[in-house]
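**Student:** Input: one structure, supplied below.
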Amino acid sequence: MRFAPCHSLLLLFLMVCLAPRSFAQTGAITGIVTDPAGAVLPGVMIAVTNTGTNAERTFVTDERGAYNVVLLPVGTYRIRAELAGFKTAVAEDIKLSVDDRLRINLSLAAGDVVERLVVTVSAPLVQSESSSVGNLIDNQKVVELPLNGRQFESLSQLVPGSVSAAPASGLRFRGGFNAAGARETANSNILDGLDNNDPAVNNFTLRPILDAIQEMKILTSTYSAEFGRGGGAQVTVSTKSGTNEWHGSVWEFLRNDKLDARDFFNRKEDGPKPPLRRNQFGGTLGGPIIHDRTFFFLAYEGVRRRQQFTSLQQVPTEAFWKGDFSALSVTTPLKDPENPANPPFPGNIIPQNRIHPIARKILQNGSFPLPTPGLAFPNNYLAVNPYPNDVNQYSGRIDHRLSGSNTLFARYGLTKDALVTPCSGNGQTACVPGYPHNDVTRAQSLSLVDTHIFSPKLITEIRAGFNRQLQSRIALRSGENDISSQLGIPASHDPKDFGHPMIVITGLSPIGDRGYQNRAGTTVQMAGSLNYTAGPHAIRTGVDFRRIMFYAGSNTRETLRFSGTWTGNAFADFLLGFPSQTTRDPSDSFQYHVVDSYNWFVQDDYIVSNRLTLNMGLRYEYNTPDIEKQDRLAQLNVVTFKYELAGRNGASRALYNPDKNNFAPRFGFALRPDGTSKTVVRGGYGIFYDLAIVGNNLFFVRTGPPFQQPETFDAGTSPGALTLSNPFSSPRRASSPIFDSPSIHPNFRQAYIQQWNLGYQRQLPQNTLVEASYVGSKGTRLVRTVDINQAFPYPGLSQPPVQLRRPLPNYGAVNVLQSSGSSIYHGLLGRIQRRFSSGLSFLASYTYSHAIDDSSGGNVAQDARNLKDDRGSADFDARQRLVLSYVYELPFGPGKKFGNEWSPVLKNILGGWEISGITAFQSGRPIFVQLSPSNQNSNTGSTRDRPNAGFYTDFGDFQPGPAPVIQNRTDKTVYMDPNAFSVPPRGSFGNAPRNYFNGPGINNLDLMLGKNFRREGVNIQFRTEFFNAFNHPILNQPNRNPDSKSFGTITSTLMDNREIQFGLKVTY
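So this is what it looks like as structure tokens:
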């Protein structure tokens, strides 16, 4: 039967357009009510009241004496139990967090119902009703722990099984992390119940303001069927809502280079530290609009960073400007390329009438600065480049109770980030000044959630929203002056392309503006779900539709290269106007990609008995093949070996087939051996599908001609074939029928991850929890890229041309996006956690694990025909990791153990002190030892050639030789011994395994010291934060190319040296 996803979605949506909890942004309270003899009591009226908003939900216990109140917003609750002939029991201060299923059992005493009996019941620390593995980060940790940059994603490092992304990962500096052996791109971010994933890189779209976060929960294994989209962590963040009480805060944090330690590799003799001024400030305000009915919460945060970097650059001397190269007459006599005999210029001076008019304009335009006085060529110019950054974040939320059975909330967030980068390269700060560009990011997120209670047993929820992140990089001069036309150099006349052409002169620093670049990722989401309680069954079912849109492209700046081909000096070639090579891209690279995602799930949490709960679920996911709006896709079909254009001659619009078999069963159990909520044994298994990344994965394949055709022009052997006034001469265009064809396999499939776990939790006295778990996962059909047209190796010094040895000699590289990767992970996880009481809370997380794969995301294949050779430790593998986080209010002052009877002066001096911190110890990450990409030692077209390892020939076949990692070294920066490796014979592959050696580990402490001045309803906090407090150099990976002179040497740090931040915060 033909599958019709749209019709199926409509039918399901109509069925359940009545709606469970929105991706676990809510929680549930369940329990059993008994009499003094322990007999269950049916018919007890249970009222659960949110103490912040006075919203009340009721339930009547069934024949088992059980109640189950679901879809409760995060907050603090009061539970009231009433039955004729018994005193009314009231349990106060029950804190419900994201995705909690709290078991609160109550016992009623005989008496009059008008009598109230307040029972002491605290929310259990153990998750006695769920098999999922995860960790809650409550509001206190969110706002009190020292977080560099006040970025919420840093909190992911506190969770067992979590580790920051590998040093080479593109997400490392965007808060990326790996959970339970999954890739960092396999995580799913959920903000207030709706999608918060950027389609470009699958990281969060909107970073919520720290003080607007109520709490966050990170689930890492066997979560329920309502979660999908990724097989890594599910990061759910709930924002604060207003209550009947007015509350808010204001803050200011500042950093200054004078407070920071010098970088480990930046010696005093290298000059002063780069100046830095950073201010982070903002405020929140929340309260009632209509008492008990409508509430609001607003937040704003701004960042102002002023920083500048200095570097030595190479610019032409004043004499060179005038054509005077007499200082080089001995070493570099200038040849006259327009004279057939190529005589040298007299005196090594180019006559003024021979200097090209456009070259003269470029010099007069100030494109090249004059050298700094006192500095000699080549490093003759001290460049000072400002690096300013302005960020403004806004967030607003409204919660409204339409009636006793219907509630609605809406939240909107907006971030505007404007960064001026001084150079044309991404994040580059060392260059000739004068060519800055704007990096502008605009992120938005909207959540709308409507909850309707038809009865205590039937509740529905409708969710809708979108998220969007727009990034543009554009030269500051874009749209103002058509510089290329003013200079007389042919270029685009589109105002957004205005800017200085790139001029690359050998021996000098390049100059020129960056080309225009833009990308926008948008996800529109609609979802509905239903929650029905049928005796011991809590059934949830729902549908979820997402349209994922991604628009991106760039206009490459025209580039003119001068190499000294004609005169013997590159700058002299420039003065004469003779480039050796030029490039441009007149094609339109901008594309608009669309993927539709259809999802359905059903989940049943079945309370078999007072000792056992089963979690059973099934999820189905269908993601349509990625298409381009105007069908501007082309590739080589690697099954039929025909070149295809999207939507033409029988080819599909996506050029790969749909994947419709993605069923994901989930099963788990929670066993309470003693029948209480203090001890639980939990376990589970599930299948979880990964959504291929539209930006990083799908966008960069199917990009062959005729839709993208960059042009290269070579001057050849004739001077004047290319000139500054005619740099793109058609006869000199380099043309070849050979071209690369980035493709996707026609049978590309959605990756899936199998997860399993078995764990033990025990609640101890003093609000303490201990947990030990085994967690495993196996990735199948993971995304990887393989060049199927890699040339066959040919040992020997003399070899046939690469192109002739390719299986398809009419094509260059054919890098195919495949679903052929695999992974395996085993981990032992430990956790000790104390809920805040008596001024202390802490979380200790330990992980002992091993993550193995054959690709961690990119192309690592040395030999495309032997992919098993790539299997080894994952790039992100960290064998051991221990993280301690804590918040401690010193026991001095009013309300504390010591100091209640002290004088007011002594109370103010010694009271109110607070310490918090994060301490992390981690073993080193794998080092992928390979030859320099430019080496091409195997001569197969591969840039992933590996060396031979001198101490073994194959796994298990060890031979004597120098140890690759130097032990007991006195110089911390000399890490590996180059004598342990050798370059293989020409035309052969090396035998060094992938990721066999580990780099330096991590030993870091971030510390906060705070002083609180508490008055009625107001707290003023002064805080000092020390990041890398002990100033340990956290070293980066060493140079990993054995054919490089600097192999094995570490030249940078992974984390900054000590940084100090001051803060002032007022809460009320």
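Once you know that position 883 of the sequence shown is 883 in this note's numbering, the rest is easy, because the numbers rise by one and skip nothing. Glycine included, every Cβ here is placed at the ideal spot set by N, Cα and C.
Here's the rule: buried if 16 or more other CB atoms are within 10 angstroms of the residue's CB, otherwise exposed. What is Y67?
**Tutor:** Buried, since its Cβ has 16 or more Cβ neighbours within 10 Å.
**Student:** Please look up how many angstroms separate the CB atoms of H593 and V694, rounded, as I've assumed it's under 8 angstroms.
**Tutor:** Confirmed, Cβ separation roughly 5 angstroms.
**Student:** Does W321 come out as helix, strand or coil in the three-state DSSP assignment?
**Tutor:** In the structure shown, W321 sits in a helix (DSSP, three-state: H, G or I).
**Student:** I'd like the list of long-range same chain contacts for V70, defined as Cβ closer than 6 angstroms, with 5 residues on each side in sequence excluded.
**Tutor:** Cβ neighbours of V70 beyond the five flanking positions: A28, N531.
**Student:** Among all the DSSP beta bridges, which residues are the ones paired with W913?
**Tutor:** K1011.
**Student:** Mind checking G1063: buried by the 16 CB within 10 Å criterion, or exposed?
**Tutor:** G1063 comes out buried.
**Student:** Since I1069 is in the alpha helix (DSSP H), which residue starts that stretch and which ends it?
**Tutor:** Given a span of 1 to 1068 for the chain in the structure shown, any question on residue 1069 remains unanswerable.
**Student:** Check the Cβ-Cβ distances between L808 and every residue of chain D, and say whether any is below 7 angstroms.
**Tutor:** This model lacks chain D altogether; it includes just one protein chain.
**Student:** According to the Cβ coordinates, are V775 and G812 closer than 7 angstroms?
**Tutor:** Contact flag unset, no.
**Student:** Cα separation between P962 and R925?
**Tutor:** Each residue's alpha carbon lies about 21 angstroms from the other.
**Student:** Name the residue from G134, T310, K1065 whose alpha carbon lies nearest to the alpha carbon of G759.
**Tutor:** Cα-wise, what sits closest to G759 is G134.
**Student:** Look up R442 in the DSSP assignment and say whether it is helix, strand or coil.
**Tutor:** Three-state result, R442: strand.
**Student:** For the ligand SAM, is there a heavy atom less than 6 angstroms away from the beta-carbon of S873?
**Tutor:** Of the ligands one can find in the structure shown there are none, so the ligand SAM has no counterpart to examine.
**Student:** Round the Cβ separation of N406 and G302 to the nearest angstrom and send it over; I've been treating them as touching at under 8 angstroms.
**Tutor:** With a Cβ gap of about 37 angstroms, N406 and G302 do not count as contacting.
**Student:** Does DSSP classify G36 as helix, strand or coil?
**Tutor:** The question names Gly, but residue 36 is Pro in the sequence shown. It is coil, neither helix nor strand.
**Student:** Out of T624, A654, Q630, state which residue places its alpha-carbon closest to the alpha-carbon of N637.
**Tutor:** Out of T624, A654, Q630, A654 has the C-alpha closest to the C-alpha of N637.
**Student:** With distances taken from CA atoms, which of L155, F498, V420, G568 is nearest K335?
**Tutor:** Of L155, F498, V420, G568, the residue nearest in Cα terms is G568.
**Student:** Just to confirm the assignment, what range does the alpha helix (DSSP H) spanning K141 have?
**Tutor:** First-last of the alpha helix (DSSP H) with K141: 139-144.
**Student:** Tell me the rounded alpha-carbon separation between F3 and G1048.
**Tutor:** With a pLDDT of only 40 at F3, under the threshold of 50, the placement of this residue in the model should not be trusted, and no figure is reported.
**Student:** Which residues share a DSSP beta bridge with A920?
**Tutor:** A920 is bridged to V883, N1004.
**Student:** Going along the chain, which unbroken runs of the beta strand (DSSP E) with 3 or more residues stay wholly within the segment 780-853?
**Tutor:** Fully enclosed beta strand (DSSP E) runs of 3 or longer: 815-837, 840-853.
**Student:** May I have the straight-line CA-CA distance separating E989 from G917, to the nearest angstrom?
**Tutor:** Just to set this straight, residue 989 is Phe in the shown sequence, not Glu. Looking at the two C-alpha atoms, the distance is approximately 48 angstroms.
**Student:** Do the segment 725-734 and the segment 257-270 touch if we need at least three Cβ pairs shorter than 8 angstroms?
**Tutor:** Contact fails: fewer than three Cβ-Cβ distances are below 8 angstroms.
**Student:** First and last residue of the beta strand (DSSP E) that includes S485?
**Tutor:** No beta strand (DSSP E) contains S485, which is instead part of the alpha helix (DSSP H) from 483-487.
**Student:** Under three-state DSSP, which class holds P490?
**Tutor:** P490: coil per DSSP, three-state reduction.
**Student:** Contact between the segment 1013-1032 and the segment 966-986 is defined here as three or more beta-carbon pairs at a separation below 8 angstroms; is this criterion met?
**Tutor:** Result no; under three Cβ-Cβ pairs closer than 8 angstroms.
**Student:** Using a 10 Å radius around the Cβ and a threshold of 16 neighbouring Cβ atoms, would you call P340 buried or exposed?
**Tutor:** P340 is exposed by the Cβ-count criterion.
**Student:** Please tell me whether G465 and L194 are closer than 7 angstroms, where the distance is taken between their beta carbons.
**Tutor:** Cβ atoms of G465 and L194: closer than 7 angstroms.
**Student:** Taking the C-alpha atoms as reference points, what is the distance between S837 and G912?
**Tutor:** Distance between the alpha carbons of S837 and G912: 16 angstroms.
**Student:** Within the same chain, show all residues whose beta-carbon is closer than 6 angstroms to that of L508, passing over the 5 residues directly before and after it, in chain order.
**Tutor:** Result list for L508: Q314, in chain order.
**Student:** Looking at the secondary structure, which residues open and close the beta strand (DSSP E) in which R179 lies?
**Tutor:** What sits at residue 179 in the sequence shown is Ala, not Arg. It spans 177-179 - the beta strand (DSSP E) in which A179 sits, taken as one unbroken run.
**Student:** For Q754, which three-state DSSP category applies?
**Tutor:** Strand at Q754.
**Student:** Just list the residues that DSSP pairs Y1068 with in beta bridges.
**Tutor:** In the DSSP output, where bridge partners are listed per residue, Y1068 has none listed.
**Student:** To the nearest angstrom, how far is the alpha carbon of T541 from that of R666?
**Tutor:** For T541 and R666, the distance between alpha carbons rounds to 14 angstroms.
**Student:** How is the beta strand (DSSP E) around F1026 delimited, first residue to last?
**Tutor:** Start and end: 1018-1027.
**Student:** With distances taken between CB atoms, is the gap from L722 to P579 smaller than 7 angstroms?
**Tutor:** Closer than 7 angstroms, so yes.
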